[in-house]
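Undergrad: In our numbering, the protein residues as written are 8 to 153. What follows is a single structure, and I will ask about it in a moment.
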């Protein structure tokens, strides 16, 4: 299945805005392809106000979000891959969600800027008997969201 992060991010964004609150994103500034104002990065992270009144040309899809905003009076275009978003919350009351590090690391692999190489090898095909036992489940795929 695809990552649920972009869907949750959109849902929390809409919920925060619909309740007349100010959505803020916590972004990993070291994530590949992130374009943010580096002078405001603290401890490898930046908090971005993505309120409709604070940004223009806001766009969010399953891979990225982007917008134009002013930082210290200087206009800038911001680009954030969805995997770089660590949390979204309302400034007024702190309501929102945090994405786990495991999810983050999985998403970071999707955005790695290293080209993939595929090596084709001619190997004989071996017919193996089909096992009648189903594979063991590794555990629940559900995560608790607080």
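Ideal placement from N, C-alpha and C gives every residue a C-beta, glycine not left out.
Measure from the alpha carbon of residue 15 to the alpha carbon of each residue in 36, 32 and 61, then state which is nearest.
TA: Stepping through the chain shown from its first residue, residue 15 is reached at position 8. The shortest Cα separation from residue 15 among 36, 32 and 61 belongs to 32.
Undergrad: In the DSSP assignment, find the alpha helix (DSSP H) that holds residue 19 and state where it starts and stops.
TA: Numbered from its first residue, the chain shown carries residue 19 at position 12. Looking at the DSSP string, the run of the alpha helix (DSSP H) that includes residue 19 is 12-25.
Undergrad: Counting pairs of beta carbons, one from the segment 40-55 and one from the segment 80-93, are three or more of them closer than 8 Å?
TA: They touch, by the three-pair rule.
Undergrad: Decide if residue 34 is buried, meaning its Cβ has at least 16 other Cβ atoms within 10 Å, or exposed.
TA: Against the chain shown, residue 34 aligns to sequence position 27. So residue 34 ends up on the buried side.
Undergrad: Span of the beta strand (DSSP E) holding residue 53?
TA: The count along the chain shown starts at 1 and reaches residue 53 at position 46. Where residue 53 is concerned, the enclosing beta strand (DSSP E) stretches over 52-56.
Undergrad: How close, in whole Å, do the beta carbons of residue 13 and residue 20 come, if the pair is a contact with beta carbons under 8 Å?
TA: As a working mapping, residue 13 is identified with position 6 in the chain shown. As a working mapping, residue 20 is identified with position 13 in the chain shown. 10 Å between Cβ atoms; not a contact.
Undergrad: Whole beta strand (DSSP E) runs in the segment 40-102 with 3 or more residues, listed along the chain?
TA: Unbroken beta strand (DSSP E) stretches of 3 residues or longer found wholly inside the segment 40-102: 52-56, 63-67, 71-78, 81-88 and 92-97, given in chain order.
Undergrad: Measuring alpha carbon to alpha carbon, tell me which of 105, 80, 100 and 79 ends up nearest residue 24.
TA: Numbered from its first residue, the chain shown carries residue 24 at position 17. Checking every option, the nearest Cα to that of residue 24 belongs to 100.
Undergrad: Any idea what DSSP makes of residue 104, helix, strand or coil?
TA: Against the chain shown, residue 104 aligns to sequence position 97. Three-state result, residue 104: strand.
Undergrad: Below 8 Å on the Cβ atoms is my guess for residue 74 versus residue 57; work out the distance and round it to an integer in Å.
TA: The count along the chain shown starts at 1 and reaches residue 74 at position 67. The count along the chain shown starts at 1 and reaches residue 57 at position 50. Indeed they touch by this definition, with Cβ atoms about 7 Å apart.
Undergrad: Apart from the five residues just before and just after residue 98, which ones in its own chain have a Cβ nearer than 6 Å to its Cβ?
TA: Taking the chain shown and counting its residues from 1, one reaches residue 98 at position 91. Spatial neighbours of residue 98 in its own chain (CB-CB distance under 6 Å, excluding positions within 5 residues in sequence) are listed in chain order as 29 and 31.
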